[in-house]
Each structure stands twice: as C-alpha cells, then as structure tokens.
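Heads up, the thing below is written out as structure tokens.
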Amino acid sequence: MTDPGERLRSSLAADQSTATSSGMGDWDSPIAMEALRATRVLHAADQDPFPTPGRIRVITIANQKGGVGKTTSTVNLGVALALYGLRTLVIDLDPQGNASTALGVEHTVGTPSIYDALVGDSTLTDVVHPTTASPNLLCVPATIDLAGAEIELVSVVAREHRLRRAIEAHIHGLPADQRPHYVLIDCPPSLGLLTLNALVAGDEVLIPIQCEYYALEGLGQLLSNIDLVRAHLNPGITVRTILLTMHDGRTRLADQVADEVRNHFGDLVLKAVIPRNVRVSEAPGYGQSVLTYDPGSRGSTSYVEAARELAQRGAAMGQPGRTAAPVPEAPPVAALAFSEDGSSQAPGSTRTQDSQ
Ligand SMILES: Nc1ncnc2c1ncn2[C@@H]1O[C@H](COP(=O)(O)OP(=O)(O)O)[C@@H](O)[C@H]1O
Ligand SMILES: [Mg+2]
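Numbering (this note's numbering), first residue to last: 1 to 356.
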C-alpha cells in the first residue's frame with residue numbers, strides 16, 4: 001500500500017479495532033482518534049522512518065505571492081522530515097524571519113544569521129542554530145538585516161551564487177554522517193536577488209499553491225524566471241513538487257483550484273493536500289510547528305503525509321546530473337473564472353488550450 005493517507009487511515013483503523021476488542025472503551029470518539037494520531041506523529045521515527053534520499057536534496061520553496069504557505073510548508077515539512085529520521089537544515093531567507101520564529105530560533109538584530117553568510121564573511125556553519133523541535137533539525141535564521149541584502153548584494157562579486165557556495169562549503173565541511181539529507185530554503189515573497197540566490201542554490205523548487213482564486217496568478221512569471229535561471233545560472237534547477245495549501249473543504253472553489261492545478265501540473269502535485277486548519281496558524285505564535293504544537297490535528301497529519309511523499313520521491317531519485325524534466329508552462333489565470341453573479345464556474349468550462 002503506497003498511498004500515505006490510506007496507510008495512516010488503515011493503521012489507525014487497526015489500532016481502533018485492537019482497542020475496542022481489548023475493552024479499552026469508546027475509541028470511536030474524535031478525541032481518542034486525535035490522541036492516537038498524535039501518538040503516531042510523535043513516536044514516528046522509531047516506528048516508520050522516512051527513506052533517505054538518493055542524494056542531498058536542496059529544495060527552494062518559492063512563490064512570489066505572499067501568504068500562500070511558503071514559510072508554513074518549509075517549517076512543517078522540515079519538522080516532519082526531521083521527526084521521521086532525516087537530517088534537515090532550514091534556511092530562512094526572508095527578512096521577516098517567520099520561519100525562524102516558527103522554529104523558536106532567536107532572530108533579533110545581531111544574532112548570527114543568513115545575512116552574515118550572504119553579505120559578510122561568516123560561513124553557514126557559523127550561523128546554524130539548533131531547534132527544539134528535533135535534534136535532526138537545524139535552522140539558519142534570518143534577521144531584519146537581511147532586508148538590506150537585496151541592495152548590498154548588488155556590488156558583491158558573484159552575487160547570485162553566494163548562497164549556493166555557502167551551502168556547498170557547509171556540506172563539504174561536515175563529516176558524511178552529519179550532512180543534511182534535506183536543505184529547505186524559505187524564500188521571501190518577491191523575485192529579487194534573495195530569491196535568485198535561492199534558485200541558484202537549489203536543485204529543485206517546491207511551489208506551494210494556495211487553493212484560492214488568483215492562486216495561479218504570477219505563476220507564469222515564477223516559472224519563466226526559473227527557466228532563465230536554468231538557462232544562465234543553474235542548469236540543474238527544476239520544479240519537482242507542487243503542494244496544495246490552505247484547502248478549505250467547505251468550498252467548491254478549493255476543489256476546482258486543486259483540480260485545475262492537477263490537470264496542469266500532473267504528477268508534480270503531491271497527493272497530500274494541506275487543509276486550512278486553525279492549529280497550523282496558531283502554532284508559530286508559540287514558536288512551534290503544528291507537528292509539535294498539536295500533533296493530532298489535521299494540519300499536522302497532512303504535513304506528515306506530504307513530507308512522506310516528498311521523502312518517497314527523494315528515495316527514488318538518482319545521483320545529480322540527471323536531465324531536468326521539462327516544466328509545464330503556467331496555466332492562464334483565466335483558467336479559473338467567475339461568472340458575473342460571483343459564483344465560480346467549473347474550470348473545464350473556461351480552460352483554454354494551453355492549460356490542457
Ligand atoms: N494550512 C493552513 N491553515 C491555516 N492557516 C494557514 C495555513 N497555512 C498557512 N496559514 C497561515 O497563513 C498565513 C500565511 O502563511 P505563510 O506560510 O506565512 O505564507 P508565505 O510564507 O507564503 O507568505 C500565516 O498567517 C499562516 O499561519
Ligand atoms: Mg513567508
């Protein structure tokens with residue numbers, strides 16, 4: 001059985017029937033089921049570790065739109081990979097420092113941070129911090145100093161390659177058994193020099209797409225920027241993963257956006273979909289990921305499922321140097337249109353030829 005959702009459900013069902021037959025009371029209740037799910041998430045690594053990738057995966061999490069779930073996905077995928085046994089490094093590349101906040105890593109002005117490695121003389125090794133989420137998870141925080149980096153980098157030699165070189169030097173300086181399996185780079189909501197550094201540093205891009213109207217707007221610009229980076233700066237970069245975020249099961253629109261994205265991007269889209277879930281948005285306020293804040297919540301288990309898929313795909317990956325798979329063009333925004341009365345139309349009814 002390969003579908004992770006199905007796996008989780010059947011393993012929960014097995015637990016439930018054992019509990020019922022052993023006279024442990026009413027395991028049908030939502031609270032009991034949530035408790036079981038929480039146990040699954042927190043004791044995951046011993047029971048069901050994720051497979052290691054065929055090579056170190058440096059994944060750039062990008063989408064120039066703000067508020068689509070880049071930071072939330074970076075943090076929660078990072079924690080899930082780490083809890084399930086994979087060494088993971090999260091690099092916060094957004095001056096807002098939201099990923100650092102969510103991982104409980106200090107990022108006040110003056111804290112050794114990604115700024116010092118990009119603009120200053122520090123190595124990445126100098127600015128890596130531990131996290132409380134897992135010993136497998138390290139974080140390079142971002143301070144507000146990074147806001148000036150877009151301008152300061154302009155005059156720096158090889159300015160687009162700063163992050164790539166920093167990551168390579170860091171990895172090569174570590175003994176093999178301490179090197180990260182995964183490096184996740186959380187991008188700011190723009191296509192400036194910081195995002196460019198992240199696209200040059202990464203081997204692959206993960207694009208979170210919010211299941212909302214306008215979700216696809218601007219995606220074309222991002223994809224053509226990635227094409228430009230591939231042509232001129234980083235021949236290996238490719239979009240490998242699309243993650244649907246903030247799916248609201250109560251709206252038809254969310255399903256329509258999800259269908260449209262799947263029609264267009266096919267297998268790049270993870271089967272796991274992240275629901276809109278209040279626990280996900282509460283967790284950063286406590287300096288936590290949703291997996292540690294409320295492990296049994298739907299937000300938590302869906303991020304575990306997404307991370308599992310990511311890891312399973314990574315395990316099937318070969319060594320570097322493979323030819324990058326062609327990336328489909330972005331679907332037109334008009335692929336999702338509203339009728340004049342404001343109700344949404346079926347995507348198929350308005351889809352244009354190049355979104356097929
Ligand atoms: N699945 C979700 N359910 C509920 N709220 C979410 C979810 N994912 C993200 N959010 C909230 O949406 C906002 C934007 O998410 P964020 O990850 O910061 O986006 P980005 O990094 O792309 O700007 C944040 O307040 C975050 O807590
Ligand atoms: Mg962000």
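A virtual CB, placed ideally from N, CA and C, is assigned to each residue, including glycine.
It should be emphasised that the depicted structure is a prediction, and the values quoted were computed from it without experimental measurement.
Three-state secondary structure assigned by DSSP to R57
strand
Pull up the distance between the alpha-carbon of P130 and that of L137, whole angstroms please.
7 Å
CB contact flag (R298, N277, <7 Å)
yes
Answer yes or no: do A198 and L81 have a C-beta to C-beta separation smaller than 7 Å?
no
Under three-state DSSP, which class holds D92?
strand
Return the bridge partner residues of I207 from the DSSP annotation.
I242
Reducing DSSP to helix, strand and coil, say where V261 ends up.
helix
Below 6 Å, is the gap between the Cβ of R360 and the nearest heavy atom of ligand 1?
Look at the range of the chain in this structure, 1 to 356, and you will see that residue 360 is not part of it.
Please look up how many angstroms separate the CB atoms of A307 and L77, rounded, as I've assumed it's under 8 Å.
5 Å
Please confirm whether any heavy atom of ligand 2 lies closer than 6 Å to the CB of D92.
no
Proximal residues to G314 (C-beta, below 6 Å), its chain only, five neighbours per side dropped:
P53, R57
Where L89 and Q312 are concerned, what is the direct C-alpha to C-alpha distance, given to the nearest angstrom?
18 Å
Around the Cβ of Y84, are there at least 16 other Cβ atoms within 10 angstroms (buried) or fewer (exposed)?
buried
Where the beta strand (DSSP E) through V140 begins and ends
137-140
Any heavy atom of ligand 2 within a distance shorter than 6 Å of the CB on K65?
no
Cβ of S289 within 6 Å of any heavy atom in ligand 1?
no
Assuming V229 is part of the alpha helix (DSSP H), what are its boundary residues?
219-232
Of the choices Q64, Y214, V156, whose alpha-carbon is the least far from that of L206?
Q64
Let me make sure I understand the geometry here. Which of G249, L243, R279 has the alpha-carbon closest to that of F265?
L243
I need the straight-line Cα distance from A117 to T111, nearest angstrom please.
12 Å
Under 8 Å Cβ to Cβ from V200, same chain only, skipping five residues before and after it: list those, please.
E160, H161, L163, R164, V229, L233, N234, I237
Bridge partners of V183, per DSSP?
V58, L89
Nearest to S289 by alpha carbon, out of F50, V75, Q47?
V75
Heavy atom of ligand 1 within 6 Å of T108 beta-carbon:
no
Grab the span of the alpha helix (DSSP H) containing I167 for me, first residue to last.
162-172
Quick one: grab the DSSP three-state call for P284.
helix
beta-carbon T143 near ligand 2 non-hydrogen atom, thresh 6 Å
no
In the DSSP assignment, the alpha helix (DSSP H) including R276 goes from what residue to what residue?
Careful: R276 lies outside any alpha helix (DSSP H) and carries neither H nor E.
Counting pairs of beta carbons, one from the segment 143-161 and one from the segment 187-194, are three or more of them closer than 8 Å?
yes
Indicate, with yes or no, if ligand 2 has a heavy atom lying under 6 Å from the CB of T245.
no
With a 10 Å radius around its C-beta and 16 neighbouring C-beta atoms as the bar for buried, classify S300 as buried or exposed.
buried
Segment limits, alpha helix (DSSP H) that includes Y84:
Y84 -> no alpha helix (DSSP H), and no H or E assigned at all.
For V109, which of helix, strand or coil comes out of DSSP?
coil
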